[in-house]
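Trainee: Per this note's numbering, the very first residue in the sequence shown carries number 853; after that it's consecutive. Note that the Cβ used here is the ideal one computed from N, Cα and C, for glycine as well.
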Amino acid sequence: MVTDPDEESLAILDRGAAELWRNGLLVGHLTSALERGWGLARPLGTQTFVWFLVTLVDGGRYIIEDYPPYATLPDALIGRLEPEQSSDGDFEVRWLTGEARARAWTDYGIHESFGSYRFEGSHVQEWWWSRLLDRLKGRS
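#1: What residue does the alpha helix (DSSP H) around leucine 925 start on, and which one ends it?
#2: Residues in its own chain within less than 6 angstroms of alanine 869 by CB, not counting five upstream and five downstream?
#3: Counting only the same chain and skipping the five closest in sequence on each side, list residues whose C-beta sits under 8 angstroms from that of arginine 888.
#4: Please classify alanine 885: is it buried, with 16 or more other beta-carbons within 10 angstroms of its beta-carbon, or exposed?
#5: Among Phe943, Ile915 and Tyr922, which one has its Cα closest to the Cα of phenylalanine 966?
#6: Using the Cα positions of arginine 913 and tyrosine 969, report the straight-line distance between them to the nearest angstrom.
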């Protein structure tokens, strides 16, 4: 059965903001937004979709759509994000609170329609599906 994120997770993810770190260096920001809607995982009801916007200090920026059974969400909530194309390793996700969160949302948040942001194309879907399959096989 597909379950939506719990209330605590929803509070973190609703206009959420985090710093992305790698090897002790701040390398970018992650922001998140929620959307409720119909999806295949729950054909007779609605489900929560999570959108993550990755903004890197090198100018790179892309959006990730995540929905049940959630390939990205569980790792992001525990402080880890696997970049879709990188041999440099995972990002450490440090969720922000209070004024720091509000500032990061203002600077890096999802302010346009989701379709306005760059998706990385079919390889993102391949990456997402491989992450999902690994999770289902217990290799996350």
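Mentor: On the basis of the data shown:
#1: 925 to 929
#2: Thr883, Leu948, Arg953, Ala956 and Trp957
#3: Thr898, Gln899, Thr900 and Phe901
#4: buried
#5: Ile915
#6: 8 angstroms
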